[in-house]
Structures are given as C-alpha cells and as structure tokens.
Amino acid sequence: MSEGSLSIQEIREYVKQFQLYADREAFNKLLDIYYLDACRYASKFLSHQLYSDSIRWSYEEVSSYVFIAFWKAVKNYRWNDIRSVSFKNYLYQLIKYETMHELKRVFACKEVQDLDKKWYKETEEAKLERDDSSVLERIVLRGRVSTIYEFLLPKGRDYALIWELKSQGVKNLEIRERLQLSDSTFKSKWQYIKKLILKAYPSVDKIY
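Its first residue numbered 17, the sequence shown is counted upward by one per residue in the numbering used here.
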C-alpha cells in the first residue's frame, strides 16, 4: 500500500484510530505505507550531511531511530487540525531532527577533549536513561519483565539480557561492561529493543 492510494483524510483517520483507541491495525497500516521510504529518506539525508561520509551507519541504526521518529509522529500528529502539515511532512521533519541529533552526538564525542568527553558521556547517559523511562516505567514497573524477556530472547541473547538488566535498574555503563559492548553498539541495540517492543505492542497497556 502506498500513500498515493489513500486520501489525506484516510491517513488522518488511521492516526486518530491509533491515538484514541490504540488500534494496532491502523498503526501497522501506517507503518507499511511510510516506513521503508522513511528509511531511504533518512539514509539519503545522512549522506548529504557534512562529514557524514566518515561514519559507517548500519541499517539497524538508521531503521531504529527512523522507527522512533515514526512512533513519535503517530503519537503526536494533530490529526484534527486541518491547518497541520501532512503526516508525511511531519514524519520527515522528525526524521531530520533525529538525524541531526545523532550527527551532533557522534561528532561531539569525537571533538571534545578527554575531560569534556567524560562529562558529555555522563550527561548523555543520564539523558538516555531519562528518555528510556517512558518505555520502562509503563512496562517494567508493572511486573511483566519476563514477558518482554521471552519475546526478545529469540531475537538475540544480548537483546534479552540488556532488557533484563535495564529493568533491574542497572546503569548503562555497567551493562556495557558486563556484556562487553561498545557505547555505540549498546545504544544501537537498545534503540532496536525499543523498536521491537513498540512494534509488537503499539498499545503498551496490552501487555500489562
């Protein structure tokens, strides 16, 4: 299915169904329409940014933060405001924001001095952990850790272990050390974990 086969009103109706009724089918239809093109757009946008050719972006990394941008778009798009930009434009604006945020993070890590780098990474760790709370607090604190653990295990042992340790309140730095993961690998895996969870359970309340 493509966007061209649906009217603006039909797209807004899908968004409405998800926002008001946590309609998983509506969410997946929007995902089918936009996700692959959005990943291509993000990859193209990255390739045109200054110095971006010095970074090797994996498909998993790009697709993970595109999914996060998509999730934010579906949750926050003002479907009932006729003056709003189209959903596609809104989504792509969020992708640009996520992309530029990622580029700034990567190059900031490369350019700052050792002392500043330590402060920067600690700040990023704290921010990442705060950002994660919206997922963790709604799932973990309600006692269904094992449900998600069993769901993630077939995807890869690291994914399940990262989830288990995060749910126990273990700090990101300690998780990386225990699993012998680099900072970038850990962040990529955690983004992918959130993508898997949100895709499987668009309405998080369904797994409580």
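Heads up, the beta-carbon is just placed ideally off N, CA and C, and yes, glycines get one too.
8 Å Cβ cutoff met for residue i and residue j
{"i": "Ser114", "j": "Ser204", "result": "Reading off the sequence, residue 114 comes out as Glu, not Ser. Against a cut-off of 8 Å, the Cβ pair of Ser204 and Glu114 comes out as no contact."}
{"i": "Leu46", "j": "Val90", "result": "yes"}
{"i": "Tyr57", "j": "Ala42", "result": "no"}
{"i": "Tyr51", "j": "Phe86", "result": "yes"}
{"i": "Tyr208", "j": "Ser80", "result": "yes"}
{"i": "Phe202", "j": "Arg194", "result": "no"}
As assigned by DSSP and simplified to three states, the class of residue i
{"i": "Trp95", "result": "coil"}
{"i": "Leu212", "result": "helix"}
{"i": "Ala38", "result": "coil"}
{"i": "Val82", "result": "helix"}
{"i": "Ser100", "result": "coil"}
{"i": "Leu47", "result": "helix"}
{"i": "Ser21", "result": "helix"}
{"i": "Arg146", "result": "Bear in mind that a pLDDT of 48 at Arg146, under 50, signals an unreliable position, so the model cannot answer this."}
Residue burial classification, residue i (beta-carbon count within 10 angstroms, cutoff 16)
{"i": "Arg28", "result": "buried"}
{"i": "Leu189", "result": "exposed"}
{"i": "Ala216", "result": "exposed"}
{"i": "Gln196", "result": "exposed"}
{"i": "Lys171", "result": "exposed"}
{"i": "Ile98", "result": "exposed"}
{"i": "Ser186", "result": "The sequence as given places Val at residue 186; Ser does not occur at that position. That one is exposed."}
Taking 8 Å as the threshold, find out whether the stretch 21-31 comes into contact with the stretch 89-104 through three or more Cβ pairs. Touching, yes.
At what residue ranges does the stretch 153-209 contain a whole run of the alpha helix (DSSP H), taking only runs of 4 or more? Entirely contained in the stretch 153-209, the alpha helix (DSSP H) runs reaching 4 residues are, in chain order, 161-168, 173-183 and 188-195.
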